[in-house]
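Enquirer:
There are 2 protein chains.
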Amino acid sequence: MPAEEERRGKSAKQEKAQVSLWERIERPAPPPRATLSAHRIAAVAVAIADAEGIDAVTMRRLATELGVAPMATYRHVSGKGELLELMVDFVYGELALPDPAVGWRDAMRTLAERTRAMLLDHPWMSRGDVLALTPNQLALTESGLAVLDGLGLDTDTMMAVFRTVAAYVHGSVTAEINLLRLMQDQGWSNGDETRAGLASRMTWLMDTGRYPAYRRYAGEATRKDDREWQFGVGLDCVLDGIAARMGI
Amino acid sequence: MPAEEERRGKSAKQEKAQVSLWERIERPAPPPRATLSAHRIAAVAVAIADAEGIDAVTMRRLATELGVAPMATYRHVSGKGELLELMVDFVYGELALPDPAVGWRDAMRTLAERTRAMLLDHPWMSRGDVLALTPNQLALTESGLAVLDGLGLDTDTMMAVFRTVAAYVHGSVTAEINLLRLMQDQGWSNGDETRAGLASRMTWLMDTGRYPAYRRYAGEATRKDDREWQFGVGLDCVLDGIAARMGI
DNA sequence: TCTGGCTGGATACAACGTACACAGCGACGT
DNA sequence: ACGTCGCTGTGTACGTTGTATCCAGCCAGA
Numbered sequence: 004m005p006a007e008e009e010r011r012g013k014s015a016k017q018e019k020a021q022v023s024l025w026e027r028i029e030r031p032a033p034p035p036r037a038t039l040s041a042h043r044i045a046a047v048a049v050a051i052a053d054a055e056g057i058d059a060v061t062m063r064r065l066a067t068e069l070g071v072a073p074m075a076t077y078r079h080v081s082g083k084g085e086l087l088e089l090m091v092d093f094v095y096g097e098l099a100l101p102d103p104a105v106g107w108r109d110a111m112r113t114l115a116e117r118t119r120a121m122l123l124d125h126p127w128m129s130r131g132d133v134l135a136l137t138p139n140q141l142a143l144t145e146s147g148l149a150v151l152d153g154l155g156l157d158t159d160t161m162m163a164v165f166r167t168v169a170a171y172v173h174g175s176v177t178a179e180i181n182l183l184r185l186m187q188d189q190g191w192s193n194g195d196e197t198r199a200g201l202a203s204r205m206t207w208l209m210d211t212g213r214y215p216a217y218r219r220y221a222g223e224a225t226r227k228d229d230r231e232w233q234f235g236v237g238l239d240c241v242l243d244g245i246a247a248r249m250g251i
Numbered sequence: 004m005p006a007e008e009e010r011r012g013k014s015a016k017q018e019k020a021q022v023s024l025w026e027r028i029e030r031p032a033p034p035p036r037a038t039l040s041a042h043r044i045a046a047v048a049v050a051i052a053d054a055e056g057i058d059a060v061t062m063r064r065l066a067t068e069l070g071v072a073p074m075a076t077y078r079h080v081s082g083k084g085e086l087l088e089l090m091v092d093f094v095y096g097e098l099a100l101p102d103p104a105v106g107w108r109d110a111m112r113t114l115a116e117r118t119r120a121m122l123l124d125h126p127w128m129s130r131g132d133v134l135a136l137t138p139n140q141l142a143l144t145e146s147g148l149a150v151l152d153g154l155g156l157d158t159d160t161m162m163a164v165f166r167t168v169a170a171y172v173h174g175s176v177t178a179e180i181n182l183l184r185l186m187q188d189q190g191w192s193n194g195d196e197t198r199a200g201l202a203s204r205m206t207w208l209m210d211t212g213r214y215p216a217y218r219r220y221a222g223e224a225t226r227k228d229d230r231e232w233q234f235g236v237g238l239d240c241v242l243d244g245i246a247a248r249m250g251i
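Quick look at the structure:
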């Protein structure tokens, strides 16, 4: 590329003519301009949120991590709301969608389990006040509808079924994450430590005598820490109910 | 300031004796001390959140509304986290719990519907990163367990069933609220206005051709705006599934 | 009558989101 | 070839937020 080299040489010459030698060599080399893109912004923001929680994602911190001035991000994103939208869509983009050929029930199940895994990997997602209208969220919905296609359901019912499963998954995993976050904040690493940490709060509440059934649960239950089992039981109920009520 | 240091150690009466009559009667009467309590704090904070959204609940605004200095609230609450906990528990306290005598399915259904109504009345609740360990949240769980008692389920299963319904309700209503919030933020008052507002975003996405099933839904569905129907269908599925799988 | 402990007030500060004006650079019409 | 325009990133600044810290008044008990 002779033309490009020529142009560069010329602009350099022009600068040389205007700025004194000593000023030039004193002046720190202009840092290479970091190029920004929505994708890179999203990736870096997600990395911060994954590593240190969503509260660590500030516009300034993000800019630092991007190697850029605090306000630079605003060229690609109108504000923090859009940033969150970008982050959510970015994560949904990593979700592997199931093959509808395996049958609606198995496909729905893997969809649910993968969504759960995704949310557990990025716990800050469950706070998403983001509507499901980003491209990759829509792709998930599309996949859910495709899975339910050809079973004789009308579109209203297909969407209702998909939303039912999605609602269960989100609600269930959100509860799961809330507990995990509490444990992490307090430094408890398993169910026993957690119960020990909550003991004083709990005995105080139990001693009011207002929660006999819960007290029995606390004493008798043996699967309190089996989160997979709990999620699975509920999911089975939901899928059974769909199969029964829709006749599929 | 020697005068100030001198006055600091003296009782009210001593001060009265030293301060001139004119200074005393000119000086504005000390405002009557507002009495604070956790309950009043929660009630006022909830009122603000209901009226203007959770973001309007700042410590300063709350203090103003309570007729108190900004830092006064901190005597009753360790920080904003505990304030939110207080608010959430306050709202759960207004939830009417069902009579278990009507049978588990009806009781579960009214529990679900009343929880939905409560969340829709206080949309900021769905962002609760609060664990279900406050007295009134525990009372709801207790009620759910009581409803399922005596049906031959072990405690693990009872809790799993209750949590399944709760997860569905929270997930479903959260989605509902996210849409309602978008509509309110944009000033759209019904489904048609909303679709009109989203049209450009949507046609852009649909024209990618990546969402054929969703496009069909958008064209064919007739119950897109029937939120009660959507919630009810899903709830029926969940309850059916529980009945079938648990044999109750 | 004194004193200690609550409760509310006042001041202060760091961190946040973001508005605004500016500067460099590539592309394009002339 | 050259001026100009539009992007994109920079620098500065402002108002708001949560909350740490210290003070002052009041009530209970000695």
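In the order they appear, the protein sequences are chains A and B. Per the working numbering, the very first residue in the first sequence carries number 4; after that it's consecutive. Per the working numbering, the very first residue in the second sequence carries number 4; after that it's consecutive. From the three backbone atoms N, C-alpha and C, an ideal C-beta is built for every residue, glycine too. In this text the structure is predicted, and so the values were computed from the model without any measurement.
1. Taking C-alpha atoms, which residue in ARG248/A, LEU242/A, GLN140/A lies nearest to LEU98/A?
2. In chain B, which residues lie less than 7 Å from GLN233/A when you measure between Cβ atoms?
3. MET90/B and ALA45/B: beta carbons closer than 7 Å?
4. Mind listing which residues of the segment 44-77 of chain A have their C-beta closer than 8 Å to chain B's C-betas, in chain order?
5. Got a sec? Which residues, its chain only, sit under 8 Å from ALA246/A by beta carbon, not counting five neighbours each side?
6. What's the call for VAL164/B, buried or exposed, on a 16-neighbour Cβ count within 10 Å?
7. Note the first and the last residue of the continuous alpha helix (DSSP H) segment covering GLY250/A.
8. Using a 10 Å radius around the Cβ and a threshold of 16 neighbouring Cβ atoms, would you call TRP207/A buried or exposed?
9. By alpha-carbon positions, which one of ARG204/A, LEU242/A, ASP53/A ends up nearest to THR137/B?
10. Less than 8 Å between the CB atoms is what I'm expecting for ILE180/A and LEU122/A, so what's the real figure, rounded?
11. Decide if TRP232/A is buried, meaning its Cβ has at least 16 other Cβ atoms within 10 Å, or exposed.
12. When the Cβ atoms of the segment 151-167 of chain A are set against those of the segment 150-164 of chain B, are three or more pairs found closer than 8 Å?
13. Against chain A, with Cβ distances strictly below 7 Å, would ARG248/B count as a contact?
14. Quick check on the DSSP output: the alpha helix (DSSP H) that includes ILE57/A runs from which residue to which?
15. Could you compute how far the alpha carbon of PRO33/B sits from the alpha carbon of VAL71/B?
16. Write down every uninterrupted run of the alpha helix (DSSP H) in the segment 110-151 of chain B whose length is 4 residues or greater and which is fully enclosed by it, in chain order.
17. Quick one: measure Cβ to Cβ for ASP229/A and ARG248/B, integer angstroms, because I've assumed they're closer than 8 Å.
18. Report yes or no: do the segment 110-122 of chain B and the segment 74-86 of chain B share at least 3 C-beta pairs separated by less than 8 Å?
19. Of the residues that make up the segment 169-187 of chain B, which ones have a beta carbon closer than 8 Å to any beta carbon in chain A?
20. Are LEU100/A and SER129/A touching if we call contact CB-CB under 7 Å?
21. Is THR144/A near TYR95/B, with beta carbons less than 7 Å apart?
22. If we count the other Cβ atoms within 10 Å of its Cβ and call it buried at 16 or more, is ALA199/B buried or exposed?
23. Cα-Cα, which of ALA48/B, ALA54/B, ASP53/B is closest to ARG2/B?
24. Grab the span of the alpha helix (DSSP H) containing ALA72/B for me, first residue to last.
25. Can you pull the chain A neighbours of ASP152/B, defined as C-beta to C-beta under 8 Å?
26. How is the alpha helix (DSSP H) around THR177/B delimited, first residue to last?
27. What does the Cβ neighbour count give for GLY237/B, buried or exposed, with the cut at 16 atoms within 10 Å?
28. Any idea what DSSP makes of TYR214/A, helix, strand or coil?
29. Helix, strand or coil, according to DSSP, for ASP195/B in the structure here?
30. Does TYR220/A get closer than 7 Å to chain B when you measure Cβ to Cβ?
31. State the CB to CB distance for the pair THR177/B and VAL241/B, rounded to an integer number of angstroms; the pair is presumed to be in contact (CB under 8 Å).
32. Reducing DSSP to helix, strand and coil, say where ALA99/A ends up.
33. Between ARG43/A and the rest of its own chain, which residues show a CB-CB distance below 8 Å, the 5 nearest in sequence each way excluded?
34. Work out the CA separation of TYR220/A and ALA104/B for me, nearest whole Å.
35. Under 7 Å Cβ-Cβ, which residues of chain B neighbour ASP210/A?
Expert: For this structure:
1. The residue given as residue 98/A occupies position 95 in the first sequence. It is GLN140/A.
2. In the first sequence, residue 233/A corresponds to position 230, counting from 1. Residues of chain B passing the Cβ test: ALA163, ARG166.
3. Here residue 90/B refers to the residue found at position 87 when the second sequence is read from its first residue. Here residue 45/B refers to the residue found at position 42 when the second sequence is read from its first residue. In this structure, ALA45/B lies closer than 7 Å to MET90/B by Cβ.
4. When CB distances to chain B are screened at a threshold of 8 Å, not a single residue of the segment 44-77 of chain A falls below it.
5. Against the first sequence, residue 246/A aligns to sequence position 243. Result list for ALA246/A: ARG108, in chain order.
6. Looking up residue 164/B in the second sequence gives position 161. Result: buried.
7. Start at 1 with the first residue of the first sequence, and residue 250/A comes out as number 247. Looking at the DSSP string, GLY250/A is not in any alpha helix (DSSP H), and its letter there is neither H nor E.
8. Locating residue 207/A in the first sequence gives position 204, where the first residue counts as 1. TRP207/A should be labelled exposed.
9. The sequence position of residue 137/B within the second sequence is 134, counting from 1. Cα-wise, what sits closest to THR137/B is ARG204/A.
10. Here residue 180/A is taken as the residue at index 177 of the first sequence, counted from 1. Here residue 122/A is taken as the residue at index 119 of the first sequence, counted from 1. Yes, they are in contact, since the Cβ atoms of ILE180/A and LEU122/A sit about 7 Å apart, within 8 Å.
11. One-based indexing of the first sequence puts residue 232/A at position 229. Under this definition TRP232/A is an exposed residue.
12. no
13. Walking along the second sequence from the start, residue 248/B turns up at place 245. ARG248/B counts as touching chain A.
14. Residue 57/A sits at position 54 when you count from the first residue of the first sequence. That residue, ILE57/A, is in no alpha helix (DSSP H); it is neither H nor E in DSSP.
15. Numbered from its first residue, the second sequence carries residue 33/B at position 30. Numbered from its first residue, the second sequence carries residue 71/B at position 68. Reliability of the predicted coordinates at PRO33/B is poor, the pLDDT of 43 falling under 50, and the value obtained from them is presented with this limitation in mind. Using only the alpha carbons, I get a separation of about 13 Å.
16. 138-150
17. Within the first sequence, residue 229/A is the residue found at index 226, counting from 1. Within the second sequence, residue 248/B is the residue found at index 245, counting from 1. That pair is no contact at about 17 Å.
18. Flag = no, the segment 110-122 of chain B and the segment 74-86 of chain B do not touch.
19. ALA169, ALA170, TYR171, VAL172, HIS173, GLY174, SER175, THR177, ALA178, ASN181, LEU182, ARG184, LEU185
20. Taking the first residue of the first sequence as 1, we reach residue 100/A at position 97. Taking the first residue of the first sequence as 1, we reach residue 129/A at position 126. No, they are not a contact pair.
21. Locating residue 144/A in the first sequence gives position 141, where the first residue counts as 1. Locating residue 95/B in the second sequence gives position 92, where the first residue counts as 1. In this structure, TYR95/B does not lie closer than 7 Å to THR144/A by Cβ.
22. Your numbering for residue 199/B matches position 196 in the second sequence. Under this definition ALA199/B is an exposed residue.
23. For residue 2/B there is no data in the structure shown, the boundaries of chain B being 4 and 251.
24. Taking the first residue of the second sequence as 1, we reach residue 72/B at position 69. No alpha helix (DSSP H) contains ALA72/B, which DSSP labels as neither H nor E.
25. Taking the second sequence and counting its residues from 1, one reaches residue 152/B at position 149. Within 8 Å Cβ-Cβ: ALA216.
26. As a first step, residue 177/B must be located in the second sequence, where it is residue number 174. Note, THR177/B: alpha helix (DSSP H), 158-189.
27. Within the second sequence, the letter at position 234 stands for residue 237/B. So GLY237/B counts as buried.
28. Along the first sequence, read from residue 1 onward, the residue named residue 214/A stands at position 211. Of the three classes helix, strand and coil, the one that applies to TYR214/A here is coil, per DSSP.
29. Against the second sequence, residue 195/B aligns to sequence position 192. Helix at ASP195/B.
30. Translated into positions along the first sequence, residue 220/A becomes position 217. Chain B, which has a Cβ nearer than 7 Å to the Cβ of TYR220/A, makes this yes.
31. Reading the second sequence from its first residue, position 174 is the one you call residue 177/B. Reading the second sequence from its first residue, position 238 is the one you call residue 241/B. The pair is not a contact, with the Cβ atoms about 16 Å apart (cut-off 8 Å).
32. As a first step, residue 99/A must be located in the first sequence, where it is residue number 96. Here ALA99/A sits in coil by DSSP.
33. In the first sequence, the residue the question calls residue 43/A occupies position 40. These residues qualify, in order along the chain: LEU69.
34. If you number the second sequence from 1, residue 104/B lands on position 101. If you number the first sequence from 1, residue 220/A lands on position 217. Distance between the alpha carbons of ALA104/B and TYR220/A is about 21 Å.
35. Locating residue 210/A in the first sequence gives position 207, counting from the first residue. Going along chain B, no residue has its Cβ under 7 Å from ASP210/A, so there is no contact; the nearest lies around 12 Å.
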